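Asks: I have a structure I would like to understand better, so I am pasting it below and will then ask my questions one at a time.
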Amino acid sequence: MELDSYNMLIDSCPEVPVEGITRTDLTEEELKKYPTEVPDIIKDYSTEEEIEKYKNVQVLIRTHREFLMSELESRGYSFEDLQSVGEYSVVQGTTVIGLKQGLSSEQEKIKTAILESIEVGREHFSPGAYATTSLTYSRDELDTKQFKLASELSNEISKISGVGSCNLADAFELRVWKTLTEDELEWVNNQTEMKLAITLSEPSELTGYVTDLKEDDKMLVDHTWFSNRPESVEVGDRVHLLYTSVAESFPAQSHAKEPEILKDVKPDGAELHASEAIKQSLSTVDSSEPLNVLHADYDQESDEWTIELEIGMETTEEVEVTDAK
134 MELDSYNMLI
144 DSCPEVPVEG
154 ITRTDLTEEE
164 LKKYPTEVPD
174 IIKDYSTEEE
184 IEKYKNVQVL
194 IRTHREFLMS
204 ELESRGYSFE
214 DLQSVGEYSV
224 VQGTTVIGLK
234 QGLSSEQEKI
244 KTAILESIEV
254 GREHFSPGAY
264 ATTSLTYSRD
274 ELDTKQFKLA
284 SELSNEISKI
294 SGVGSCNLAD
304 AFELRVWKTL
314 TEDELEWVNN
324 QTEMKLAITL
334 SEPSELTGYV
344 TDLKEDDKML
354 VDHTWFSNRP
364 ESVEVGDRVH
374 LLYTSVAESF
384 PAQSHAKEPE
394 ILKDVKPDGA
404 ELHASEAIKQ
414 SLSTVDSSEP
424 LNVLHADYDQ
434 ESDEWTIELE
444 IGMETTEEVE
454 VTDAK
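First residue of the sequence shown? That's 134 in this note's numbering, and the numbers climb one at a time after it.
As structure tokens, then:
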């Protein structure tokens with residue numbers, strides 16, 4: 134997308150003007166101030182590369198944050214107070230606090246407490262442990278603007294998959310799953326008071342069989358509950374859809390984009406359509422686990438359908454269905 138002619142649209146989020154530190158930047162004396170033990174849960178479930186990253190960066194992030202919050206609380210303030218006057222973030226192992234300008238007298242007290250806590254942290258760890266930058270808005274104000282903008286834009290343009298934050302910047306990330314037209318770009322440009330970095334994320338595709346329906350506009354396909362189901366869809370139908378994000382649960386949760394019901398298959402010599410055979414097979418399985426159809430095959434010689442079902446996360450079962458209505 135060519136964005137040069139739109140004054141509020143940008144190609145990417147602004148970079149944070151801070152160069153963060155890692156464990157390799159510290160002296161032997163400075164390293165003594167950080168824990169050296171790697172928690173068992175990280176040892177057991179992480180690769181060597183992930184463990185190394187934990188030691189080089191994550192330990193610094195966690196230790197710096199805990200120290201800063203302790204100092205801030207000793208002055209009578211909390212993380213929520215910090216977000217009312219600025220924003221917390223990290224670059225590598227450096228804690229970066231963005232602070233809003235033009236504060237009220239009460240907010241200035243919070244800002245002073247934050248700056249005092251940061252100074253103590255720098256003296257305790259190293260000068261690179263903490264950094265500050267200036268912001269126009271606090272995190273709380275950005276959250277309010279982000280929610281409002283996301284609602285306004287998504288209601289008008291279905292290609293928008295979400296609005297996210299740009300790290301420590303007076304800008305948002307506008308995520309789209311399909312390229313916006315010039316008219317759509319012009320409309321978005323005129324709606325926002327914040328700079329928008331537009332990122333295109335190609336959606337994933339899925340073709341599968343519907344194995345369950347909910348009253349709240351959802352259909353179960355491939356162990357995922359998809360909202361925005363086609364109005365006339367039924368259990369057994371084969372559908373094609375696009376999707377972007379997935380909420381990791383079981384079954385998973387997502388939103389179908391451009392869902393369509395595919396033509397029902399009726400092989401030569403068969404009396405049943407594939408959807409009818411699948412529906413019969415599902416009714417024979419006595420299980421509270423979510424079901425997923427892996428294959429639906431018709432054998433003309435035996436005049437039977439073989440439906441391979443995935444039951445829950447670990448079990449598969451082949452169900453034979455006689456080709457008769």
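Glycine included, every Cβ here is placed at the ideal spot set by N, Cα and C. These numbers come from a predicted model, not from an experiment.
Can you say whether G209 is buried or exposed, counting buried as having 16 or more other CB atoms within 10 angstroms of its CB?
Replies: As a working note, residue 209 is residue 76 in the sequence shown. G209 counts as exposed, since fewer than 16 other beta carbons sit within 10 angstroms of its beta carbon.
Asks: Specify, as a first and last residue, the run of the beta strand (DSSP E) that M352 falls within.
Replies: Within the sequence shown, numbered from 1, the residue matching residue 352 stands at position 219. M352 -> beta strand (DSSP E) spans 351–354.
Asks: Which residues does DSSP pair with Q433 in a beta bridge?
Replies: Here residue 433 is taken as the residue at index 300 of the sequence shown, counted from 1. Paired residues: none, contrary to the question.
Asks: Out of E364, E285, K351, state which residue places its alpha-carbon closest to the alpha-carbon of E326.
Replies: Along the sequence shown, one-based indexing puts residue 326 at 193. With distances taken between Cα atoms, E326 lies closest to E285.
Asks: When DSSP labels each residue in this structure, what does S387 get in the three-state scheme?
Replies: By one-based count along the sequence shown, residue 387 stands at place 254. DSSP places S387 in strand when its eight states are reduced to three.
Asks: In this structure, does DSSP put K399 in helix, strand or coil?
Replies: The residue given as residue 399 occupies position 266 in the sequence shown. Residue state, collapsed to three classes: coil.
Asks: Confirm, please, whether the CB-CB distance from K242 to V218 is below 7 Å.
Replies: Your numbering for residue 218 matches position 85 in the sequence shown. Your numbering for residue 242 matches position 109 in the sequence shown. Not closer than 7 Å, so no.
Asks: The beta strand (DSSP E) with G254 in it runs from where to where?
Replies: Locating residue 254 in the sequence shown gives position 121, where the first residue counts as 1. It is not in any beta strand (DSSP E) - G254 instead sits in the alpha helix (DSSP H) that spans 238–257.
Asks: Of the residues E335, A385, T377, S334, which one's Cα is nearest the Cα of M352?
Replies: Along the sequence shown, one-based indexing puts residue 352 at 219. Closest by alpha carbon: A385.
Asks: Is it right to say A304 is buried, meaning 16 or more other beta carbons lie within 10 angstroms of its own, or is it exposed?
Replies: Start at 1 with the first residue of the sequence shown, and residue 304 comes out as number 171. Counting Cβ neighbours within 10 Å, A304 comes out buried, since at least 16 surround it.
Asks: Report the three-state DSSP secondary structure of Y178 (helix, strand or coil).
Replies: Along the sequence shown, one-based indexing puts residue 178 at 45. Reduced to three states, the DSSP call for Y178 is helix.
Asks: By the three-class DSSP mapping on this structure, what secondary structure does R272 have?
Replies: The residue given as residue 272 occupies position 139 in the sequence shown. R272 falls in the helix class under three-state DSSP.
Asks: From H388 to G235, what distance separates their C-alpha atoms?
Replies: For the purposes of this step, residue 388 is taken as the residue at position 255 of the sequence shown. For the purposes of this step, residue 235 is taken as the residue at position 102 of the sequence shown. Cα to Cα, H388 sits roughly 41 Å from G235.
Asks: Using the C-alpha atoms, what's the distance from L215 back to V398?
Replies: For the purposes of this step, residue 398 is identified with residue 265 of the sequence shown, where counting begins at 1. For the purposes of this step, residue 215 is identified with residue 82 of the sequence shown, where counting begins at 1. When the Cα atoms are used, V398 and L215 turn out to be separated by approximately 60 Å.
Asks: Mind checking whether V296 and L333 have CB atoms under 7 Å apart?
Replies: By one-based count along the sequence shown, residue 296 stands at place 163. By one-based count along the sequence shown, residue 333 stands at place 200. No, these two residues do not count as a Cβ contact at 7 Å.
Asks: Here's the rule I'm using: 16 or more other beta-carbon atoms within 10 Å means buried, otherwise exposed. How should Y178 be labelled?
Replies: Numbered from 1 along the sequence shown, position 45 holds the residue referred to as residue 178. Per the 10 Å Cβ criterion, exposed.
Asks: Considering only C-alpha positions, which residue in the set V192, S420, D436 is nearest to E450?
Replies: Within the sequence shown, residue 450 is the residue found at index 317, counting from 1. Checked all of V192, S420, D436; the closest Cα to E450 is S420.
Asks: Would you decide whether G402 is buried or exposed? Buried here means 16 or more other CB atoms lie within 10 Å of its CB.
Replies: Along the sequence shown, read from residue 1 onward, the residue named residue 402 stands at position 269. G402 sits exposed, since fewer than 16 C-beta atoms from the chains shown fall within 10 Å of its C-beta.
Asks: Can you find at least 3 beta carbon pairs, one from the stretch 179–192 and one from the stretch 253–260, that sit closer than 8 Å?
Replies: no
Asks: Is it the case that the stretch 314–322 contacts the stretch 343–350, given that we only count it when at least three CB pairs across the two stretches are under 8 Å?
Replies: no
Asks: Classify V379: buried if its beta carbon has 16 or more other beta carbons within 10 angstroms, exposed otherwise.
Replies: One-based indexing of the sequence shown puts residue 379 at position 246. By the 10 Å Cβ count, V379 comes out exposed.
Asks: What residue range does the beta strand (DSSP E) around H373 cover?
Replies: Numbered from its first residue, the sequence shown carries residue 373 at position 240. H373 -> beta strand (DSSP E) spans 371–376.
Asks: So, at 7 Å on beta carbons, what are the nonlocal neighbours of K390 in its own chain, with the 5 sequence-adjacent residues on each side left out?
Replies: Within the sequence shown, residue 390 is the residue found at index 257, counting from 1. These residues qualify, in order along the chain: W310, P336, L374, L375, Y376.
Asks: Can you give the Cα-Cα distance for P423 and E409, rounded to whole angstroms?
Replies: In the sequence shown, the residue the question calls residue 423 occupies position 290. In the sequence shown, the residue the question calls residue 409 occupies position 276. Near 19 Å, if we compare the C-alpha coordinates of E409 and P423.
Asks: My output table needs one value for T417: the three-state DSSP class, helix, strand or coil.
Replies: As a first step, residue 417 must be located in the sequence shown, where it is residue number 284. If DSSP states are grouped into helix, strand and coil, T417 belongs with the helices.
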